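Counting in the working numbering, the sequence shown runs from 314 upward without gaps. The C-beta atom is built at its ideal place from N, Cα and C for all residues, glycine as well. Since this is a predicted model, take the numbers as computed values, not measurements. Notes to accompany the following structure.
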Amino acid sequence: MIRSIGIPTPRVEGEAKVAGKALYTADVALPGMLWVKVLRSPIAHGRIKRIETSNARALPGVRAIVTGGDLSGAKIGKKIVDMPLLADGVVRYIGEKVAAVAAETEAAAEAALDAIEVEYEPLPAVTDVAEAAEAAAPLIHPDIPAYAGLLHKVESASNVFVRLTWKKGDVEAGFRQADAIVENTFRVPSVHQGYIEPHACVVEVKPSGVAEIWASTKSPFNLREQVGAALGVRPADLVVHPCYIGGDFGGKGDANDVALCYALAKRSGRPVKFVLDYMEELTAGNPRHAAVIHVKTGVKKNGIIVAQQIEFLFDSGAYGSYRPQGYLVGAHDAVGPYRIPHCLVEEKYVYTNKVPCGYMRAPGHVQGFFAVESQMDLVAKRIGMDPAEFRLMNFMRDGEASPLGHVIAHVKAAETLAKALEESGYRAPKAKNVGRGCAVANWVSKGGESYCFVAVDDQGNVTLSAAVMDTGPGAYTIMRQIVAEELCLPLEAIIVEMLDTSKVIKDTGVRGSSSTRVHGTAAYEAAKKVRDELVRAAARSMGASEADLIVYDGGVIHKRAERRMTFAEIARASGGRISGEGHYANMADG
């Protein structure tokens, strides 16, 4: 009998959030803490000819100032390591950090920024992605061949720093078979994730060299790796503490300003706090990539698609460091769930003198599906077919290979669209000036790794512990439901504990609709081990067979109800504690 799963339940963190008890990064206050402010570039591209900080250093309350020269060579990035902690000799977008101040008060830090003198030599800027991709465009990163983490070797400097191609069949031969060819170019703008909480961090470097970190991040272990690599610090010496996150939508997986704050904390000998204001967040954050997408489709008169070519130009902004991988993994899925014998997808990632872009909900998928599904409507119109019928005719079926060769056991595109058309009344008569449309996109949840711990103490308390930074999907609620189900307990009997990074080996965080599969499986494995050990321990104490015992309502009972031991009694008979560790690790999507 299902006791917890599928039943409406309060969220684990719901009461704390509603009551104002939830600790967000901006709420963290440490003794002697300094406030951090940064000076940002007012121009899109230029050399820093001179930067003078002596007047700012002399102001009351100022405890530390750093510039790019102080941190020369320190770059950060998830995959592509191309972003300096502070602009080092060159600024590449309006809003790039040029200097940082740590002071006793926010006002003192602001006054210090006003006192810093910077002289710039403007350089030609390029803000259009198509222009930036041209060979004659102003070069934004002359040293790109030396950058670490590039997806492939770059022989000569260019604003195009990633070039990828996926293909199936012979697309030119496919176009020759077509009765009609439809070409269109689509433009998708950059969009900020729009979370309520701006990025923030608090860093304290202890005399031992261990840094205590609080940050608005969903990926604390990735943060440790990035900061450690940038500063030459062992990741084990960076302890990231759990905080609630005020919205993510893909944008809270970066180290952002933590490495910079580490440098200020170390120089000042004091803990520091940096909270972006909304102007900074919206103009210098890590929004979704803008894109220019050209789609060319060849189709027969009967509506069968025979060829499709998609060309992506992704506007990376001034840096590529915010992407966990070298490219947007969703872009090649833009071919959709269609049966296309000849297909070619080409992607280019291009530097421009704009804010660096990062992840936002289904990175690459949104841009690609908007273009391709718009194209499907236009192709259907060209050959005089209903857009829904055109799609249904061309969908893959279960077990077929995608246009790029991936065999998909359960496609269900036709069944899903047919049901949506039925439920929505798509084919019913409609009033004048009322439009109807449809679109289809495919998605697979992402892989990941997680550890979870479940323990029963000598008082019968059951604790679920993990290092998941829940961004809102309800990871801990899901995990608690699974543990409660496995141990036959009410939800409220499960205590939830969020762990810092020193207590767990790894957790990839909430991402890509994967929490139930990744974190839920780890919780299940931990709870199952506890359940099995409870039965084994009870069997030893009772002198009974494990096969005759069942777990129920906070205890283990004999099937014939002759005897019963509570969880507390079993734990006391087993040294005071029974625990289990669950681990899930599968980075493959699925």
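{"Asked": "Other residues of its chain near M709: CB distance less than 8 angstroms, five sequence neighbours each side excluded", "Found": "P650, Y651, R652, S715, I721, V724, A726"}
{"Asked": "Extent of the continuous alpha helix (DSSP H) run through V414", "Found": "That residue, V414, is in no alpha helix (DSSP H); its beta strand (DSSP E) goes 410-416."}
{"Asked": "Residue span of the alpha helix (DSSP H) that contains T776, given as start and end", "Found": "Premise fails: T776 lies in the beta strand (DSSP E), 775-779, not in any alpha helix (DSSP H)."}
{"Asked": "The alpha helix (DSSP H) enclosing N497, as first and last residue numbers", "Found": "Per DSSP, N497 belongs to no alpha helix (DSSP H); it is in the beta strand (DSSP E), 493-501."}
{"Asked": "Boundaries (first-last residue) of the alpha helix (DSSP H) holding G487", "Found": "484-490"}
{"Asked": "Contact the stretch 581-592 vs the stretch 536-552: 3+ CB pairs below 8 angstroms", "Found": "no"}
{"Asked": "Contact set for V504: own chain, Cβ-Cβ below 7 angstroms, skip 5 residues either direction", "Found": "P600, R601, M673"}
{"Asked": "D646, buried or exposed, once every other Cβ within 10 Å from all chains shown has been counted against 16", "Found": "buried"}
{"Asked": "Residues near P437 by beta carbon distance below 8 angstroms, same chain, minus five either side", "Found": "H358, P451"}
{"Asked": "For V439 and K392, the rounded distance between their alpha carbons", "Found": "24 angstroms"}
{"Asked": "Secondary structure, alpha helix (DSSP H): runs of 4+ residues fully inside the stretch 828-858", "Found": "828-855"}
{"Asked": "A840 vs V767 beta-carbon contact at 8 angstroms", "Found": "yes"}
{"Asked": "Spatial distance of E594 from V553 (CA atoms)", "Found": "22 angstroms"}
{"Asked": "Separation of K388 from A884, as counted between CA atoms", "Found": "50 angstroms"}
{"Asked": "Within 8 angstroms, strictly: CB atoms of M792 and A836", "Found": "yes"}
{"Asked": "Cβ contact (3+ pairs, closer than 8 angstroms) linking the stretch 657-671 and the stretch 572-582", "Found": "no"}
{"Asked": "Simplified DSSP assignment, three categories, for R580", "Found": "helix"}
{"Asked": "Ranges of the beta strand (DSSP E) found wholly within the stretch 664-752, counting only runs of at least 3", "Found": "none"}
{"Asked": "Local conformation of C574 per DSSP, three classes", "Found": "helix"}
{"Asked": "Inter-stretch contact (C-beta, 8 angstroms, three-pair minimum) for the stretch 690-699 and the stretch 417-433", "Found": "no"}
{"Asked": "Nearest-angstrom Cα separation, counted from A701 out to G748", "Found": "14 angstroms"}
{"Asked": "Straight-line gap, E419 to L589 (C-alpha atoms, nearest Å)", "Found": "12 angstroms"}
{"Asked": "Alpha carbon of L804 to alpha carbon of A335, nearest angstrom", "Found": "20 angstroms"}
{"Asked": "Through-space distance from T366 to V351, alpha-carbon basis", "Found": "13 angstroms"}
{"Asked": "Where K410 falls, given that 16 or more other Cβ within 10 Å makes a residue buried", "Found": "buried"}
{"Asked": "Residue from Y865, V869, E882, A881 with nearest C-alpha to I315", "Found": "Y865"}
{"Asked": "Extent of the continuous beta strand (DSSP E) run through S629", "Found": "618-630"}
{"Asked": "Length of the line joining the Cα atoms of W527 and D561", "Found": "16 angstroms"}
{"Asked": "Other residues of its chain near R824: CB distance less than 6 angstroms, five sequence neighbours each side excluded", "Found": "K759"}
{"Asked": "Assumed close pair S634, V403 - CB separation to whole angstroms, cut-off 8 angstroms", "Found": "Not a contact, Cβ separation roughly 15 angstroms."}
{"Asked": "Beta bridge counterpart(s) of P397 as assigned by DSSP", "Found": "K388"}
{"Asked": "R890 burial status per 10 Å Cβ neighbour count (16 or more: buried)", "Found": "exposed"}
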